[in-house]
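Using the working numbering, read the sequence shown as starting at 15 and increasing by one per residue. Worksheet: the structure to be examined is printed underneath.
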Amino acid sequence: MRRLYLFLVAIIMVSCTSNGKKPHELTIAISKERKNEKKYSDWLARQQVSFQFIDMSLLSVQDALSALDRCDALVLTGGNDIYPEIYGKGNDSLRCGEFDRTRDSLEQALFTKASSEAMPILGICRGLQMINVCVSGSLYIDLPEDKGSGQIHRQGEEGWTMHQLAIEPNTLLSSLVANNTAWVASNHHQGIDSTGSSLKALAICPDDSLIEAIGWKQPENKGFLLGVQWHPEWMDANDTFSAAVAKTFLAEAQKFHQNR
């Protein structure tokens, strides 16, 4: 009974069709929603696609993996630092912020299952970092100390910044924006150090060359994968680049849904 209750609580219904008549079509797994702000759901909802979220953070790993069977896509969201022992830097844990090792284990399990089933995956901020760690990549523990570029990506302890992207040509991201550049909202103190061997960089920050977006190096026979270090859900509602990222992700979820 408790499992059923938690599963029902975990579902966040979002109805966003233009005519209001269709029931939801998509079910999207989200590793953890911001309970008060609901930034992720609001951002995706602006694309006028009907969907429901299942907040996996409210479920056990076992129940979350079972719930993933009913989903059409996975969003790995922002949040606490990933425990550094996972990517071979356990001795540096004192230089990190707070950890949530239960969440780490949950997201690793979700990514492993979703990627094995070619399910569309979008990683945002910590989500990009988790994708990289899951495929044997590593992270900078602290950008201000390790790279001397922390103020580019965060002001002080939690202050938001804006910086430019340099987007690799002839990639998914380059098809979404003119001139291979865009401005993005940023708030993080960690980032990709070494990239997992199955991944490639899709964009960097031109100010310090930090990797800002990743995808599969060889996407053939794999599902849609996009990790972004910035926060598209925090951009202005009229920002066309953030809207294009959301629209592309939802289109991939619809394809997966139709082919199930």
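Yeah, the Cβ is synthetic: ideal placement off N, Cα and C, and Gly gets one too.
Sort out for me which residues DSSP pairs GLN122 with in a bridge.
-> As a first step, residue 122 is located in the sequence shown; it is residue number 108 there, counting from the start. DSSP, once it has assigned bridges, lists no residue as partnering GLN122.
When the Cα of GLY127 is compared with those of LYS53, SER223, ASP114, ALA87, which residue comes out closest?
-> Taking the first residue of the sequence shown as 1, we reach residue 127 at position 113. The sequence shown places Lys at residue 127, not Gly. LYS127 has its Cα closest to that of ALA87, out of LYS53, SER223, ASP114, ALA87.
Take the Cβ of LEU108 as the centre, count every other Cβ of all protein chains shown within 10 Å, and call the residue buried at 16 or more, exposed below.
-> The sequence position of residue 108 within the sequence shown is 94, counting from 1. When all chains shown are included, LEU108 counts as exposed.
Can GLY229 and PRO134 be called in contact, C-beta distance under 7 angstroms?
-> For the purposes of this step, residue 229 is taken as residue 215 along the sequence shown, with counting starting at 1. For the purposes of this step, residue 134 is taken as residue 120 along the sequence shown, with counting starting at 1. No, they are not a contact pair.
Quick one: is GLN143 buried, meaning 16 or more other Cβ sit within 10 Å of its Cβ, or exposed?
-> Taking the sequence shown and counting its residues from 1, the one referred to as residue 143 is at position 129. GLN143 should be labelled buried.
Is it true that the CB of SER150 sits closer than 7 angstroms to the CB of GLY210?
-> What you label residue 210 is simply residue 196 of the sequence shown in a count that begins at 1. What you label residue 150 is simply residue 136 of the sequence shown in a count that begins at 1. In contact: GLY210 and SER150 (Cβ atoms closer than 7 angstroms).
With a cut-off of 8 angstroms, do at least 3 Cβ pairs link the segment 168-181 to the segment 212-222?
-> yes
In three-state DSSP terms, what is TYR54?
-> Taking the sequence shown and counting its residues from 1, the one referred to as residue 54 is at position 40. Helix at TYR54.
Assign TRP57 to one of two classes, buried (16 or more other C-beta atoms within 10 Å of its C-beta) or exposed (fewer than that).
-> The residue labelled residue 57 in the question sits at position 43 within the sequence shown. So TRP57 counts as buried.
In the DSSP assignment, find the beta strand (DSSP E) that holds HIS177 and state where it starts and stops.
-> Within the sequence shown, the letter at position 163 stands for residue 177. 175-181 is the extent of the beta strand (DSSP E) around HIS177.
Residue from PHE65, GLY92, GLN76, VAL63 with nearest C-alpha to SER45 = Position 31 of the sequence shown, counting from 1, holds the residue named residue 45. The candidate whose alpha carbon is nearest that of SER45 is GLY92.
So is the beta-carbon of LEU58 under 6 angstroms away from any non-hydrogen atom of the ligand SAM?
-> Inclusion of the ligand SAM in the displayed structure is not the case, the ligand content being empty and no account of it being possible.
Is the beta carbon of ILE145 less than 7 angstroms from the beta carbon of GLY241?
-> Mapped onto the sequence shown, residue 145 falls at position 131. Mapped onto the sequence shown, residue 241 falls at position 227. Yes, the pair counts as a contact, with Cβ atoms nearer than the cut-off.
Should GLY95 be labelled buried (16 or more other beta-carbon atoms within 10 Å of its own) or exposed?
-> One-based indexing of the sequence shown puts residue 95 at position 81. Here residue 95 turns out to be Asp, not Gly, going by the sequence shown. It is buried - the Cβ of ASP95 has at least 16 other Cβ atoms within 10 Å.
Assuming ARG84 contacts THR41 (C-beta within less than 8 angstroms), just tell me the rounded distance between them.
-> Within the sequence shown, numbered from 1, the residue matching residue 84 stands at position 70. Within the sequence shown, numbered from 1, the residue matching residue 41 stands at position 27. Going by Cβ atoms, the distance from ARG84 to THR41 rounds to 6 angstroms, so yes, they are a contact pair.
Buried or exposed: which applies to MET176, given that a residue is buried once 16 or more other Cβ atoms fall within 10 Å of its Cβ?
-> Mapped onto the sequence shown, residue 176 falls at position 162. Exposed: under 16 other Cβ atoms inside 10 Å.
Reduced DSSP category for ILE44 - H, G, I as helix; E, B as strand; rest coil | If you number the sequence shown from 1, residue 44 lands on position 30. ILE44: strand per DSSP, three-state reduction.
Nearest-angstrom Cα separation, counted from GLY173 out to SER200 | Taking the first residue of the sequence shown as 1, we reach residue 200 at position 186. Taking the first residue of the sequence shown as 1, we reach residue 173 at position 159. Going by the C-alpha atoms only, they are around 9 angstroms apart.
Distance, SER130 Cα to ILE155 Cα = The residue you call residue 155 lines up with position 141 of the sequence shown. The residue you call residue 130 lines up with position 116 of the sequence shown. The alpha-carbon atoms of ILE155 and SER130 are separated by roughly 28 angstroms.
Assign GLU47 to buried or exposed, taking buried as 16 or more other Cβ atoms, counted over all protein chains shown, within 10 Å of its Cβ.
-> Residue mapping note: residue 47 aligns to position 33 of the sequence shown, counting from 1. GLU47 should be labelled buried.
Close Cβ partners of ALA258 (< 8 angstroms) along its chain, the five nearest in sequence each way excluded | To locate residue 258, count along the sequence shown from 1; it is residue 244. Cβ within range, chain order: LEU190, VAL191.
As assigned by DSSP and simplified to three states, the class of VAL191 | Here residue 191 refers to the residue found at position 177 of the sequence shown. It is coil, neither helix nor strand.
Beta strand (DSSP E) runs wholly inside the segment 196-256, at least 3 long, in chain order | 213-218, 225-230, 239-242
Mind checking ASP69: buried by the 16 CB within 10 Å criterion, or exposed?
-> Working through the sequence shown from its first residue, we reach residue 69 at position 55. Buried, since its Cβ has 16 or more Cβ neighbours within 10 Å.
On the DSSP bridge assignment, give the partners of GLY137 in chain order.
-> Taking the sequence shown and counting its residues from 1, the one referred to as residue 137 is at position 123. DSSP, once it has assigned bridges, lists LEU90, GLY241 as partnering GLY137.
Is the shortest distance between the beta-carbon of ASP114 and the beta-carbons of chain C less than 7 angstroms?
-> The structure shown contains no chain C; it is built from a single protein chain.
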